[in-house]
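These notes concern the structure reproduced below.
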Amino acid sequence: MNIEALVVKVAGRCNINCTYCYMYNHADQSYKLQPKFMSKETILALKEKIKNHCHKHSLKKFFVVLHGGEPLLMNIKDITFFLQTLHSLHNDDIEILFAMQTNGMLLSKEHCELFSKYRVGIGVSLDGGKEVNDKFRIDKKGKGTFDRVKKGMDVANKYLDYKLGCLSVINFMSSPVELYETYRNLGFSIINLLLLDENYDSIDQVPKLKNAEWLIELFDYWYNLKDDENKVSVIKFEDYINYIFGSENGTESSGKGYNKLAVIETNGDIESLDVLKICGESFTKHKFNLHTNEFDDIFQSDLIDVYYNSKQMLPKKCLACPIHEVCGGGYLPHRYSSKNGFNNPSIYCNDLLMLITHIQNKVIDSLPEDLIKETGIQKLTYEDALKIIDEKLPTIQEPSYAKKLESFAMN
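The opening position of the sequence shown corresponds to residue 5 in the working numbering, with each subsequent residue numbered one higher.
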């Protein structure tokens, strides 16, 4: 077991106040105990622990995401120190691949010149056009943020020689086609669509299949743009297509493989996925820290173990499902309940099932007949998938790891 990527909280505060934010407006308020910014001492400790881990596990590349809060709240001199320090690991035969997630409002010419130098991929958090975005992505005075984000993007598009990506929490009250066209017109190269971070405790009921219907409308529009040279990459759809055709890869929320990622807090604490904060107060705290621990130490934690193996430790319903190797059981935070811990299917289970079966059938319809025969891929309707689950579920024994999944229950 090893990690290959870090989300590093260089800033512990944010300059806006998104209503749905998992970091500041959900169950866990432990951010108030964290330093506002990562210190130089912690950055140096981070470099040392990355070096040790990469050498132990023979890793030549390591992925680092500057995150927050809002990372651009950090002084540009300190951001420079962070990038210089970790980039210097190339002297130890380790290539650091940088990315940053930002609301984009503070992007400046100086930032862009720095990020170009270190090839920092930039993802901008935006939920659509002005009307859609400004419903939930607001500042601390309740005012919308779209115009200020757009201003920062204009600076980036002027001074960067590569395109921005977009991280978007889906607003199902918006038009999916209008949303896609907004992002294309804004010049994004990639869209990463996120389902709202909720679980069984924080939401009474997910409107049945409304999410799937929205995503299916977007998929059909996007998929039919085959000859559009300005077509924007929608990661979720491309990943599902790859997994349907047997890719062994995976992301945190789909496919196969392991979740080889950890989070570093501003004080150097080494934690599990930060979105798991929606499960409860101090839920991700493990008492591991860069100043006292190596990265391998974190695998003593049951939560780290469950997150790392989330696509292997699936509930019975997932094991009965014909598409579980595509959806991967969904995003681990969406499986949580205080009653059963993580021994639940995703709150979005029905939506994922309907979406993925639709994508599979749509792709099959566009394939040459000889390729369909060669791959052996077959159509599967949502209704047939439900029937398969109902028939197989009674035959599946409770998996040996079920007690570990349920150990996080609060009741």
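For each residue, glycine too, the CB sits at the ideal point set by N, CA and C.
Distances from the CA of I351 to each of V159, N365 and L213 were compared; the closest alpha carbon is that of L213. A distance below 6 Å between beta-carbons, with the five flanking residues on each side excluded, links R17 to the following residues of its chain, in chain order: K40 and G73. For Q105, the pairing in a beta bridge is given by DSSP as G127. DSSP places T255 within a strand segment (E or B) once states are collapsed to three. By the Cβ criterion, the region 81-101 is in contact with the region 54-72, since at least three pairs of Cβ atoms, one from each stretch, lie closer than 8 Å.
Fully enclosed alpha helix (DSSP H) runs of no fewer than 4 residues occupy 239-248 and 306-312 of the region 238-320, in order along the chain.
L197 sits in a strand when the DSSP states are folded into three classes. In this structure, K321 is the residue among K321, I20 and H338 with its C-alpha nearest to the C-alpha of E395. The alpha-carbon separation between F223 and F192 amounts to approximately 17 Å. Counting along the chain, the unbroken alpha helix (DSSP H) around F85 starts and ends at I80 to H91.
Collapsing the DSSP output to three states places E99 in a strand. Remark: C-beta atoms of S305 and G333 do not approach each other more closely than 8 Å. In this structure, the beta-carbon distance from V69 to A103 falls below 8 Å. The beta carbons of I282 and Y26 sit closer together than 8 Å.
Taking S178 as the centre and dropping the five residues before and after it, the same chain places the C-beta of G132 and V136 closer than 6 Å to its C-beta, in chain order.
The continuous alpha helix (DSSP H) containing H328 extends over residues H328 to C331. For P319, the number of other beta carbons within 10 angstroms of its own is at least 16, and it is reported as buried.
Going by C-alpha positions, L277 is about 7 Å away from L265. For L336, no beta strand (DSSP E) run applies, since DSSP gives it neither H nor E. When secondary structure is reduced to three states using DSSP, A413 falls in the coil class, being assigned neither helix nor strand. Rounded to the nearest whole angstrom, the CA to CA distance from K81 to M42 is 13 Å. Here Q105 is buried. Its C-beta has 16 or more other C-beta atoms within 10 Å. The beta-bridge partner set that DSSP reports for I142 consists of G148. In the structure shown, the three-state DSSP call for S172 is strand. With a 10 Å radius around the Cβ and a threshold of 16 neighbouring Cβ atoms, N203 comes out buried. Excluding its 5 nearest sequence neighbours in each direction, E329 has C-beta neighbours in its own chain below 8 Å: Y247, G259 and K260, listed in chain order. When the beta-carbon positions are compared, I126 and L168 come within less than 8 Å of each other. L10 is bridged by DSSP to V68 and A266.
Linking Q38 to V279 through their CA atoms gives a straight-line distance of about 17 Å. Contact between D273 and F292 holds, with the beta-carbon distance rounding to 7 Å and staying under 8 Å. DSSP, read as helix, strand or coil, puts F41 in strand. In the same chain as I393, and ignoring 5 residues on each side of it, the C-beta atoms closer than 7 Å to its own belong to K321, A324 and C325, in chain order.
For I245 against I363, the beta-carbon gap comes to about 7 Å, under 8 Å, which counts as contact. Check the Cα spacing between N215 and each of N354, D205 and F67: the tightest is with N354.
Taking the Cα of R123 as reference, the smallest distance to any Cα among Y166, F249 and E217 is reached at Y166.
C-alpha of S251 to C-alpha of D97: approximately 29 Å in a straight line.
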